[in-house]
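Engineer: Protein chains in written order, with full-length UniProt numbering: chain V, 1 to 132; chain H, 1 to 132.
Below is a structure I'd like to ask you about.
2 protein chains.
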Amino acid sequence: MKIYFSGSIRGGREDAELYAQIIEELKQYGEVLTEHIGQMDLQEEEITDEQIHNQDMAWLTASDIIIAEVTVPSLGVGYEIGRGLEMKKPIYCFHRTEKTSAMISGCKEIETYKYDQKEEIKALFSKLFQEQ
Amino acid sequence: MKIYFSGSIRGGREDAELYAQIIEELKQYGEVLTEHIGQMDLQEEEITDEQIHNQDMAWLTASDIIIAEVTVPSLGVGYEIGRGLEMKKPIYCFHRTEKTSAMISGCKEIETYKYDQKEEIKALFSKLFQEQ
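Structure representation (structure tokens):
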């Protein structure tokens, strides 16, 4: 099972530590292609934006499932979800805020979950990976 | 010429007044399908997220061009750009920050412009609509 985890990079890194914890949890269920999303000292300078885009699209194409933490608004996360739909990938979005974008919660092909505690997300992962 | 203008709603409304000015400018060149994006008193309560999503996707499908102000990070804007690519629409993104998402600036099918003053965006619109 190849997992594409999506979280904010340039949109804001305040949830980076949470992303790292989510990625650790996801590793129980498969290979996380985008493990760098959780790195606190993420360096982007060595590759061009086009290389970043094309690498991420290659991982998105190779993935079996997309898991996105959508609490921090991010153009890149929205873009990846939009492209993932085109590729007919199963997409699961998680947020702690009361609402997320209507483009996400209003799209019937995307499963969206509101959660408060990290433990809830673990239980949701356990359930959704059993169904895959 | 049907224009889909995309700007942040739930991601943050700090640029709402700028969106309104951009929309006024765009009206010279065609019909702006998403004029509500610039409304300072935007009310979303009366329709469901699914209705918002499906209406926006219908407008995106009907549009001839997508213009996005991407300074404020937004899941919805990223999603619309991703879906617009799938529909092979011409997409033009404008930002005032030094960088925008690598998913936007690194995608070779999207034209991305950095600007400082509103006047620059007007000159860019004039040029790009001449080319359409």
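Cβ coordinates follow ideal geometry from the N, Cα and C atoms, glycine included.
The structure presented is a predicted model; accordingly, all values stated were derived computationally and were not measured.
(1) Restricting to Cα atoms, I'd like to know which of H/Trp-59, H/Gln-39, H/Tyr-4, H/Met-1 is closest to H/Glu-14.
(2) Would you kindly check if the distance between the Cβ of H/Ile-104 and the Cβ of V/Tyr-79 is under 8 Å?
(3) Which residue from V/Thr-112, V/Asn-54, V/Ser-101, V/Glu-50 puts its Cα closest to that of H/Ser-74?
(4) By the 10 Å Cβ neighbour count, where 16 or more other Cβ atoms means buried, how is V/Ser-126 classified, buried or exposed?
(5) Show which residues of chain V have a CB atom less than 8 Å away from the CB atom of H/Ala-58.
(6) List the residues of chain V that H/Ala-50 touches, going by C-beta distances under 7 Å, in chain order.
(7) With distances taken between CB atoms, is the gap from H/Val-72 to H/Phe-94 smaller than 8 Å?
(8) On the criterion of 16 or more Cβ atoms from any shown chain inside 10 Å, does V/Thr-61 qualify as buried, or is it exposed?
(9) Determine the contact status of V/Tyr-19 and V/Met-1, defining contact as a CB-CB distance below 8 Å.
(10) Assuming H/Ile-52 and H/Ile-66 are in contact, meaning their beta carbons sit under 8 Å apart, how far apart are those beta carbons, in whole angstroms?
(11) Is the beta carbon of V/Leu-33 sitting closer than 8 Å to the one on V/Ile-9?
(12) What residue ranges within the segment 83-120 of chain H form continuous alpha helix (DSSP H) runs of no fewer than 4 residues, ordered along the chain?
(13) From which residue to which residue does the beta strand (DSSP E) around V/Glu-69 run?
Structural biologist: Taking the definition as stated:
(1) H/Gln-39
(2) yes
(3) V/Ser-101
(4) exposed
(5) Neighbours of H/Ala-58 on chain V: none; closest Cβ ~13 Å, over 8 Å.
(6) In the sequence on display, residue 50 of chain H carries Glu and not Ala. By Cβ distance, chain V contributes Gly-106, Lys-108.
(7) no
(8) exposed
(9) no
(10) The Cβ separation is near 17 Å, so there is no contact.
(11) no
(12) 102-105
(13) 65-69
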